[in-house]
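The block underneath contains the structure these notes are about, expressed in structure tokens.
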Amino acid sequence: MKNKLTQFLLLYLLIYSSSSMATGPRVSPNMFVDNANQMHAVELTPFLDSNIRNRGLLTELIETVLKLEKIKGDINILPSLNMVTYYFVQENALAIIGGDFNLGKKAKNKSIFIPILTVDEFYYYYQENAEKTLSWNGNLGSFNNKKMGVQKGINVKKYKQAGINISYGRLAALLKKMKSHKVDFIRGNKRTVETSIEQYLPKEKSLFKQMQPKAGKLVLGISFNKKHPEGIDAAKSFKIGLRKIMANGQFKSILQNHLGSDVKLESYIKYLN
Amino acid sequence: MPFSCFSEVVEFGANESPPFWSENMPAYGMCGEILQEMSILAGVQTNISFKPLNRLIEDTENNDLGNPAFYLEEGDFVSIIPIAIYRSAFHYYKPNHKSEIVIRNWDDLKQYRIGILKGTLIDRLVFEKQGIHFETSYNQKSIFKKLKLGRIDLALEIRLVAQQTLHTLYRNIEENFSGIEVVNSISPIAIMLSEEQPNAKIIAIKLRKALSTLIENGEYQSIIKKYNGHVDLPTDWFSELEHFNNLYNFENSE
């Protein structure tokens with residue numbers, strides 16, 4: 010017994026010696042690339058995610074177009090929407106990638122947004138027992154006095170006007186807050202929400218409920234910066250390249266590689282003109 | 497010394513990274529000393545616990561001290577207050593190489609075995625795609641020992657941390673190690689107040705004001721200089737601090 014305790018203590022000391030606690034520089038690709046042509050993206054699994062193949066579906070589509078049209082640009086996936094918009098507005102990044110950037114009027118006028126994919130969004134709630142349900146009828150008034158979980162940086166004006174209380178957080182934290190009843194509902198697209206539930210709360214998967222009708226749509230794409238010296242030309246070239254990969258089947262092939270061979274292309278481009 | 501505004505102690509988690517944060521240094525190192533002085537001025541009681549980086553990142557409800565980029569992957573913060581900046585560099589041991597090492601781009605890195613600390617690599621897949629591979633170690637001493645023995649060619653480390661480690665390990669041959677600064681490596685060290693911290697917004701306002709006072713009266717500069725060999729602060733120190741202050745200023749987005 011004493012022997013086992015000694016072995017355990019030795020193992021513990023080996024693993025948790027003070028020196029094993031050290032930290033160092035955060036080694037990310039943007040450390041080694043030129044600042045001039047940075048494109049900042051907000052993380053949105055499985056579309057923009059540093060931890061999956063080719064950093065996600067949208068990243069791969071964009072990088073394919075950049076390569077085809079020889080547009081210089083390095084994609085940097087960031088954890089916060091606020092950081093992404095800061096780089097666009099304050100530091101004239103070449104482009105930003107994602108969906109709802111919530112840019113001010115002035116910044117919007119300086120941007121050229123090119124839509125690439127669209128996804129339907131739904132409201133989700135956590136149902137621990139069958140009696141406690143939450144419903145909505147297509148009118149935000151259904152959620153009056155309820156608490157909605159929202160990522161920082163998203164425009165919440167219409168929710169506040171409908172008498173909805175707001176709790177800020179990242180998706181993983183919001184899912185946990187839904188479980189502990191600190192948040193009543195969230196809005197998100199099926200792929201992102203279900204992937205995150207699977208990752209963070211797989212045992213509770215069946216308790217997260219999607220509400221009907223759908224909440225709206227999220228258009229994912231790239232916003233080029235007119236204030237960047239190469240912004241306007243890059244946007245023009247990108248549009249051409251995007252049309253090329255849609256015509257030659259590369260777009261569909263990348264989509265299928267990420268979302269499965271049975272994925273319907275039409276549902277992801279149905280709102281694009 | 498002002499009386500404390502809040503009876504409860506604001507608990508922070510930090511990761512051992514001398515001389516910035518260290519359980520074994522007076523006042524817990526350079527940033528520990530800054531936090532201590534800020535706390536006194538703000539009338540806020542603070543305490544630091546030292547834990548491994550991964551544990552701090554996984555705990556999404558605690559207040560953290562360090563580079564926000566690590567912690568924002570999982571956590572949410574009411575306020576992020578940058579208090580210092582750092583730069584990183586590739587270090588090499590000159591006797592192990594016939595000529596000076598030059599790094600201009602990704603391609604230059606492909607030929608080298610690069611040592612980094614475990615848990616600090618982001619976007620591993622991107623590096624692999626570029627043909628760049630890293631060897632991880634659990635602590636700085638181990639990295640620099642491997643570097644001297646020729647088991648790795650380059651050690652990517654925070655400049656000040658590298659200086660301190662080399663001084664401890666190889667005091668007599670320090671000049672045999674050379675550093676190549678990584679251009680885009682300027683990063684902040686910040687105080688991060690969690691969403692779960694009671695009175696977080698009020699505490700943040702008080703700490704920000706305290707930091708401004710410390711800078712105005714010169715005490716802040718004295719602390720930084722003390723740990724940087726009493727040399728003057730780099731000319732861009734405060735502009736970079738301001739830059740990170742704006743980048744991480746999420747309070748106005750709510």
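Going line by line, the protein sequences match chains H and C.
Residue numbering for the first sequence follows the working numbering, beginning at 10 and increasing consecutively.
Residue numbering for the second sequence follows the working numbering, beginning at 497 and increasing consecutively.
Heads up, the beta-carbon is just placed ideally off N, CA and C, and yes, glycines get one too.
{"Query": "Between the CA atoms of I249/H and E554/C - distance to the nearest angstrom", "Result": "43 Å"}
{"Query": "Status (buried if at least 16 other CB within 10 Å, exposed otherwise) for H587/C", "Result": "buried"}
{"Query": "Contiguous beta strand (DSSP E) assignments of at least 3 residues, all confined to the region 579-631 of chain C", "Result": "584-589 and 610-613"}
{"Query": "Where Q636/C falls, given that 16 or more other Cβ within 10 Å makes a residue buried", "Result": "buried"}
{"Query": "DSSP bridge partner residues for F751/C (one or two, in chain order)", "Result": "Outside the modelled stretch of chain C, which goes from 497 to 750, sits residue 751/C, for which no answer is possible."}
{"Query": "Per-residue burial, S120/H [other beta carbons within 10 Å of its own, 16 or more giving buried]", "Result": "buried"}
{"Query": "Contact under 8 Å by Cβ, L561/C with A523/C", "Result": "no"}
{"Query": "Proximity test, Cβ basis, 8 Å: G178/H and chain C", "Result": "yes"}
{"Query": "Beta strand (DSSP E) runs wholly inside the region 70-135 of chain H, at least 3 long, in chain order", "Result": "83-87, 104-107 and 120-135"}
{"Query": "Under 7 Å by beta carbon: chain C residues contacting Q99/H", "Result": "N742"}
{"Query": "Contacts around P564/C, its chain only, beta-carbon distance under 7 Å, and the 5 residues preceding and following it disregarded", "Result": "I576, P684, A686, M688 and Y744"}
{"Query": "Interface residues of the region 663-685 of chain C facing chain H [CB-CB below 7 Å]", "Result": "V678, N680, S681 and S683"}
{"Query": "M40/H - DSSP class collapsed to helix/strand/coil", "Result": "helix"}
{"Query": "Cut-off 7 Å between Cβ atoms - residues of its own chain near Q660/C, not counting five sequence neighbours on either side", "Result": "P514 and P515"}
{"Query": "C-alpha distance - M40/H paired with V51/H, whole-angstrom precision", "Result": "18 Å"}
{"Query": "Bridge-paired residues (DSSP) for S189/H", "Result": "In DSSP, S189/H forms no bridge with anything."}
{"Query": "Minimum Cβ-Cβ distance from S246/H to chain C less than 8 Å", "Result": "no"}
{"Query": "Any chain C beta carbon closer than 8 Å to P55/H", "Result": "no"}
{"Query": "T142/H, buried or exposed, once every other Cβ within 10 Å from all chains shown has been counted against 16", "Result": "exposed"}
{"Query": "Whether I648/C touches I599/C by CB criterion (8 Å)", "Result": "no"}
{"Query": "Proximity of Y634/C and K614/C at Cβ, strictly below 8 Å", "Result": "yes"}
{"Query": "I654/C to A585/C span [Cα, whole Å]", "Result": "6 Å"}
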